[in-house]
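Encoded as structure tokens, the structure appears first; notes follow it.
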Amino acid sequence: MVERDRNHPSVVMWSAGNEMYYGGTIPTYITSNMTLLEAWIHTFDKSTRPAVCAPNVQDATGYVALAKIQNNCAGINYGEGIYASIHSKDPNVLIQGTENHGYLGMTNNTQPTWFAVRDNAFVIGHHLWTGVDYLGEGGNLGATSGFLDGCAFRKSWFYFQQAQWSDSPMVHVTIGNGSTSNANLAEDWNQSGSVSVVTYTNCDSVDLYVNTTKIGTKKLSDFSSNYIMQWTNVPWSTGTIKAVG
């Protein structure tokens, strides 16, 4: 892998292991192995690119120790909650999320995981698990994780990301309660009774209509904790639901 890709300028660091250990603290053999792997990788790649590994633990002290071997870089899976602790122990450690939920994960699963990147200059970015549904460990077609389904159609969480990152005005309607992690959201209006509705948007406000009846107006600034604009008790009726940003 290193020999094949070492001349690509898009490669900024190497992955030398992913979730090779689960538990409370990072064991010493992980640190020892990374000492060997880091040196071995740089016999093939003479650049300053670090090689990092990502055990799935919540051990700030252990990650600081690993970073000293990994050119002061740390790769952390689902560890937004310990970024600040790592930084306080060693402010020189450059942190990246090597595997992260793309929806909600921080602060009791109510805030987007990317807030940890947005709010901390010492975190360079994160990687979302997963982009496309697949047959595997994610359960039924990876349905709780992917932003695209098996046919590459966009799912509700795709628009959640778009609303947070895109500069072009957008709004998208989905049915369900979007304020929880792994929320069960629907793309159709074939419901009954009163339903919950989410509008993902980067516009200042949204007007919601059921057919020609205006349900109300909501301001995005009132949902700044996670940008999930939630509507409750929307009366279902045959026809069309429409959001105008």
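Going by this note's numbering, 186 is the number at position 47 of the sequence shown; the sequence numbering is gapless. Yeah, the Cβ is synthetic: ideal placement off N, Cα and C, and Gly gets one too.
If the five residues before and after N341 are omitted, its C-beta is found closer than 7 Å to the C-beta atoms of A302, S305, P308 and M309, all from its own chain and listed in chain order. By the 16-neighbour rule on beta-carbons within 10 angstroms, L274 is exposed.
Following the DSSP letters along the chain, one finds W268 inside the beta strand (DSSP E) bounded by residues V262 to W268. For K207, the enclosing alpha helix (DSSP H) begins and ends at A199 to I208.
Between N216 and N195 a beta carbon distance of about 5 Å is seen, short of the 8 Å cut, so the two are scored as contacting. In the displayed model, N216 falls within a strand according to three-state DSSP.
Judged by their CB atoms, A190 and L176 are nearer to each other than the 8 Å cut-off. For T200, the closest alpha carbon among the candidates S186, T170 and F183 is that of T170. In the DSSP assignment, H226 falls within the unbroken alpha helix (DSSP H) covering Y222 to K228. For the pair D361 and A223, the Cα-to-Cα distance works out to about 27 Å. Beta-bridge annotation (DSSP): I314 is paired with A325 and V336. Contact between W253 and H265 is confirmed by a C-beta separation of about 7 Å, below the 8 Å threshold. Counting every other CB atom within 10 Å of its CB across the protein chains shown gives A155 a total of 16 or more, marking it as buried. For A193, the uninterrupted beta strand (DSSP E) segment begins and ends at A190 to V196. Spanning the alpha carbons of K185 and V232 requires a straight line of approximately 22 Å. Counting other Cβ atoms within 10 Å of its Cβ, D198 reaches 16 or more and is therefore classed as buried. Judged by DSSP in its simplified three-state form, L176 adopts helix. Within 10 angstroms of the beta-carbon of E142 lie fewer than 16 other beta-carbons, which makes it exposed. Per DSSP, T252 lies in no alpha helix (DSSP H) segment and is marked neither H nor E.
For S171, the three-state secondary structure derived from DSSP is helix.
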